[in-house]
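I have placed the structure first, in the form of structure tokens, so that the comments after it can refer back to it.
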Amino acid sequence: MKNEFILSNEYEKYSGQKLEMLIPEAEIKKRVRELAKQISEDYRGKVPIFIGILNGSFIFLSDLFREMSIDTEVDFIKISSYADETKSSGTVRLLKDISCDITERDVIVVEDIIDSGITIKFLKSRLQQSDASSVKFVSLLIKESTKIEFPIDYLGFKISDRYVVGYGLDLAQKLRNLKSIYAIK
Ligand code: IMP
Ligand code: MG
Numbered sequence: 701m702k703n704e705f706i707l708s709n710e711y712e713k714y715s716g717q718k719l720e721m722l723i724p725e726a727e728i729k730k731r732v733r734e735l736a737k738q739i740s741e742d743y744r745g746k747v748p749i750f751i752g753i754l755n756g757s758f759i760f761l762s763d764l765f766r767e768m769s770i771d772t773e774v775d776f777i778k779i780s781s782y783a784d785e786t787k788s789s790g791t792v793r794l795l796k797d798i799s800c801d802i803t804e805r806d807v808i809v810v811e812d813i814i815d816s817g818i819t820i821k822f823l824k825s826r827l828q829q830s831d832a833s834s835v836k837f838v839s840l841l842i843k844e845s846t847k848i849e850f851p852i853d854y855l856g857f858k859i860s861d862r863y864v865v866g867y868g869l870d871l872a873q874k875l876r877n878l879k880s881i882y883a884i885k
């Protein structure tokens with residue numbers, strides 16, 4: 701197993717930098733299983749709809765989804781707050797809305813990582829205006845410095861304030877396919 705990657709010149713200004721393993725594949729798997737177990741227990745007798753935030757959450761969502769032991773549906777929403785960079789643009793654009801009807805449904809928003817919190821705040825206020833029965837949030841990662849006024853219902857790991865890649869998380873759209881999570885050194 702490769703523990704360290706050196707970025708090629710394909711990544712321009714990041715070229716030559718090393719990626720440092722932060723959360724190994726096995727640890728992610730274990731935590732995803734625990735989260736799915738908890739969510740399955742909490743929603744026993746209900747059929748929640750996972751709403752994955754594209755693109756970053758698609759790998760986490762597909763693993764979490766397959767570990768669920770109750771009926772679960774899935775849909776996606778696409779939001780952009782990053783313009784291929786490692787800093788939030790401070791604005792949120794809705795690129796693709798959900799296509800399912802969430803009226804009187806139990807919605808679980810699935811996010812890969814919460815950084816500034818802009819994306820999650822935008823979605824919370826948007827979904828609160830819907831007629832969903834309940835809206836909860838699950839995020840695989842949250843950064844230490846993140847400040848949001850409401851709790852995240854299900855959280856995988858709290859990480860330091862570093863830019864991370866792998867397991868769905870990208871650097872200029874690349875590196876999503878890495879099986880572990882790495883920080884840029
Ligand atoms: P926020 O709106 O600042 O909370 O940022 C949320 C979105 O930015 C996430 O859904 C990610 O797609 C992206 N993002 C934030 N931090 C990172 C990171 O460290 N690596 C990769 N993507 C990130
Ligand atoms: Mg994202």
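If you read the sequence shown in this note's numbering, its first letter stands for residue 701, the second for the next number, and so on. Yeah, the Cβ is synthetic: ideal placement off N, Cα and C, and Gly gets one too.
Please determine whether the Cβ atom of residue i lies at a distance below 6 Å from any heavy atom of the ligand IMP.
i, result
"residue 790", "no"
"residue 864", "yes"
"residue 761", "no"
"residue 756", "yes"
"residue 869", "yes"
"residue 845", "no"
"residue 745", "no"
"residue 798", "no"
"residue 772", "no"
"residue 781", "yes"
"residue 715", "no"
"residue 812", "yes"
"residue 815", "yes"
"residue 728", "no"
Is residue i buried or exposed, if buried means 16 or more other CB atoms sit within 10 Å of its CB?
i, result
"residue 772", "buried"
"residue 815", "buried"
"residue 752", "buried"
Are the CB atoms of residue j and residue i within a distance shorter than 7 Å?
i, j, result
"residue 757", "residue 811", "yes"
"residue 871", "residue 856", "no"
"residue 760", "residue 866", "no"
"residue 736", "residue 764", "yes"
"residue 863", "residue 838", "no"
Residues in the same chain with beta-carbon distance under 8 Å from residue i, minus the five sequence neighbours each way, listed in chain order, please.
i, result
"residue 848", "814, 817, 820 and 821"
"residue 733", "767"
Give me the DSSP bridge partner(s) of residue i.
i, result
"residue 834", "806"
"residue 721", "882"
"residue 854", "838"
"residue 780", "793"
If I measure Cβ to Cβ from residue i and keep anything under 6 Å in the same chain, skipping five residues before and after, which residues do I get?
i, result
"residue 850", "none"
"residue 827", "835"
"residue 845", "861"
Closer than 7 Å by C-beta to residue i: which residues in its own chain qualify, once you throw out the five before and the five after it? Chain order, please.
i, result
"residue 833", "804, 805 and 806"
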